[in-house]
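Here is the structure we will look at.
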């Protein structure tokens, strides 16, 4: 785009997000305020740590259940559209580009369905509602691998947890954009303090991690300012 390069670093690469599939298994006549519950499970016994988060949020008439993939292997990128700083960037998240992501999220949906079907509703305000799967996937046997992988591809959506496009690392590492003090490598007077500095995505919502990064950055800035005095 005709922009002079100050420091050749992979800004915009390594874009990571959580992927999710939404189920609406229950109708509710609950009179209580909005409530929520979550759990972390393994998509199969081969996983050493939980790689799926399930989350239920109860609203006035419906219980919404989310199956969320953790530790995605797919990597997207963000590119400049032009050299005009007011132009929007090009975002290519490449969701489920790695087949294992698609397979693990599909298995997670299956495990979530098992949990939902095991829930007792006789003495509660909930009424079970048969699952309505995407019409493009009805040619497959329900809950088969092909069926759920189809559902994931059609109904999967982002969880708004994007990280990684200015990843932190050693100054001499080609993948690094900022150093361990969050300073932009090869630039002066620039720090990056947000979710983009995470080299990998956390297995949870990103808010607390971003707050921790901000607190650490504040300490680093204060320490540096004190030293200069």
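Numbering (the working numbering), first residue to last: 1 to 229. Even glycine gets a Cβ: it sits at the ideal position worked out from N, Cα and C. On a predicted model such as this, the values are computed, not experimentally measured, just so you know.
Let me know the secondary structure DSSP gives residue 169 once reduced to three states.
coil
Thinking C-beta only, is residue 203 closer than 9 Å to residue 53?
yes
Between which two residues does the beta strand (DSSP E) containing residue 69 stretch?
62-69
So for residue 209, helix, strand or coil by DSSP?
helix
For residue 147, count the other beta carbons within 10 Å of its own beta carbon; 16 or more makes it buried, fewer makes it exposed. Which is it?
Result: buried.
Indicate whether residue 83 and residue 1 have their beta-carbon atoms separated by less than 9 Å.
yes
Would residue 5 be called buried (16 or more neighbouring beta carbons within 10 Å of its own) or exposed?
exposed
The alpha helix (DSSP H) that contains residue 38, what's its start and end?
Looking at the DSSP string, residue 38 is not in any alpha helix (DSSP H); the run it does join, the beta strand (DSSP E), is 35-41.
To which residues of the same chain is residue 14 closer than 8 Å at the C-beta, ignoring the five residues directly before and after it?
75, 77, 164, 165, 167, 175, 199
Apart from the five residues on each side of it in sequence, which residues of its chain come closer than 8 Å, Cβ to Cβ, to residue 210?
194, 195
Under a Cβ-count criterion, where at least 16 other Cβ atoms within 10 Å of its own Cβ denotes burial, should residue 161 be classed as buried or exposed?
Per the 10 Å Cβ criterion, buried.
Within 8 Å, do at least three Cβ pairs link the stretch 64-71 to the stretch 107-116?
Taking a contact to require three or more Cβ pairs closer than 8 Å, the stretch 107-116 and the stretch 64-71 qualify as touching.
Quick check: residue 72 and residue 55, are their CB atoms within less than 9 Å of each other?
Not in contact: residue 72 and residue 55 (Cβ atoms no closer than 9 Å).
Nearest to residue 57 by CA position, among 105, 24, 158, is which residue?
Nearest C-alpha to residue 57: 24.
Report yes if the CB atom of residue 152 is closer than 9 Å to the CB atom of residue 21, and no otherwise.
yes
Between the C-alpha atoms of residue 172 and residue 60, what's the straight-line distance to the nearest angstrom?
54 Å
Assign residue 119 to one of three DSSP states: helix, strand, or coil.
Here residue 119 sits in coil by DSSP.
Can you check which of these residues, 9, 92, 127, is closest to residue 17 by C-alpha distance?
92
Looking at the secondary structure, which residues open and close the alpha helix (DSSP H) in which residue 92 lies?
Not the alpha helix (DSSP H): residue 92 falls in the beta strand (DSSP E), residues 90-92.
Put residue 24 into one of helix, strand or coil per three-state DSSP.
strand
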